[in-house]
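Residue numbers (UniProt numbering): 1 to 226.
Here it is, written out as structure tokens:
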């Protein structure tokens with residue numbers, strides 16, 4: 001018999017007891033939509049460019065990298081400005097290790113104990129999991145029969161429940177529908193707090209080169225781009 005304690009014997013938070021860790025299946029199939037991977041490998045030119053960049057960066061591995069990713073955010077801001085026509089600076093863009101980390105940071109800042117977040121289900125399964133992890137009460141409203149957002153019902157749910165954070169996946173994971181600019185405006189008008197538009201699957205929309213709404217909703221100088 002092992003003397004090592006099991007997870008149940010450790011001083012785990014009471015609200016986490018009995019839950020199982022999240023895990024996305026990794027299958028040996030050509031197309032993996034659940035992890036939003038590109039089925040095509042990078043070009044050799046890109047591989048060579050990355051190898052050169054890693055070689056250059058290796059000389060500074062004894063130091064932490066720029067924790068605010070200023071160079072990356074500057075380049076992303078320039079790219080987004082060119083793509084959308086909306087002038088953006090470093091202060092309008094944030095970078096993190098994947099969208100889950102950004103969602104966690106948003107809920108740490110705008111959610112938390114005594115606050116609520118709402119989503120329209122079925123949608124991205126990590127939204128309620130990250131809410132639980134940040135002690136944000138998770139609320140949910142149902143989608144229409146075709147899994148699109150019934151904007152009238154969504155507006156009514158937000159108006160009634162007054163969540164601090166509204167989560168909108170566009171395109172939706174797993175059903176694929178995007179939210180129209182008109183519907184998003186209605187949600188923005190009724191939401192009392194933050195509206196987070198999760199565009200992790202933006203490259204899957206019919207016109208992936210353009211966001212369906214970003215050029216038409218201009219941020220203030222202090223508002224980060226999603």
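For glycine and all other residues, C-beta sits at the position ideal for the given N, C-alpha and C.
### Message
Less than 6 Å between C-beta atoms, sequence neighbours within five positions excluded: which residues of the same chain meet that for residue 100?
### Response
Same-chain partners within the cutoff: 126.
### Query
Looking at the unbroken beta strand (DSSP E) that takes in residue 120, where does it start and where does it end?
116 to 121
### Query
Could you give the uninterrupted runs of the alpha helix (DSSP H) lying entirely in the segment 65 to 95, keeping only those of 4 residues or more?
Entirely contained in the segment 65 to 95, the alpha helix (DSSP H) runs reaching 4 residues are, in chain order, 70 to 84.
### Task
Would you kindly report the start and end of the unbroken alpha helix (DSSP H) that includes residue 177?
Here residue 177 belongs to no alpha helix (DSSP H), and DSSP marks it neither H nor E.
### Message
If I measure Cβ to Cβ from residue 134 and keep anything under 7 Å in the same chain, skipping five residues before and after, which residues do I get?
### Response
104, 107, 108, 111, 112
### Query
Got a sec? Which residues, its chain only, sit under 6 Å from residue 115 by beta carbon, not counting five neighbours each side?
For residue 115, where only same-chain residues beyond five positions count, the Cβ hits under 6 Å are 136, 164.
### Helix, strand or coil at residue 104 [DSSP, three-state]
helix
### Query
By the 10 Å Cβ neighbour count, where 16 or more other Cβ atoms means buried, how is residue 119 classified, buried or exposed?
buried
### Query
In this structure, what does DSSP give as the bridge partners for residue 198?
169
### Query
In whole angstroms, what is the alpha-carbon distance linking residue 219 and residue 13?
Because residue 219 sits at a pLDDT of 46, beneath the cut-off of 50, its placement in the model cannot be relied upon, and the following sentence gives the value as read from the coordinates. When the Cα atoms are used, residue 219 and residue 13 turn out to be separated by approximately 39 Å.
### Query
Identify the residues that DSSP records as bridge partners of residue 139: which are they?
118
### Task
Could you name the residues of the same chain whose beta carbon sits closer than 8 Å to that of residue 95, not counting the 5 residues immediately before and after it, in chain order?
Cβ-Cβ distances below 8 Å link residue 95 to 69, 72, 73, 76 in the same chain, with the five nearest sequence neighbours on each side left out; the list follows chain order.
### Query
How big is the Cα-Cα spacing for residue 194 and residue 102?
14 Å
### Query
Alpha carbon to alpha carbon, how far is residue 155 from residue 177?
18 Å
### Task
Please check the pair residue 169 and residue 153, which I expect to be a contact at CB under 8 Å, by giving their CB distance rounded to whole angstroms.
Contact doesn't hold; Cβ gap of about 16 Å is too wide.
#### Entry: Whole-Å CB distance - residue 147 paired with residue 122, under 8 Å assumed
7 Å
### Task
Could you have a look at residue 186 and say whether DSSP puts it in helix, strand or coil?
helix
### Task
Could you work out which residue in 22, 40, 21 is closest to residue 30 when comparing CA atoms only?
Sorting 22, 40, 21 by C-alpha distance to the C-alpha of residue 30 places 40 at the top.
### Task
Could you confirm whether any beta carbon from chain D is found closer than 8 Å to the beta carbon of residue 44?
Included in the structure is just one protein chain, with no chain D present.
### Query
Taking the alpha helix (DSSP H) that residue 11 falls in, what are its first and last residues?
Looking at the DSSP string, residue 11 is not in any alpha helix (DSSP H), and its letter there is neither H nor E.
### Task
Just the C-alpha distance for residue 183 and residue 151, rounded to the nearest angstrom, thanks.
6 Å
#### Entry: Inter-residue Cα distance where the pair is residue 85 and residue 56
33 Å
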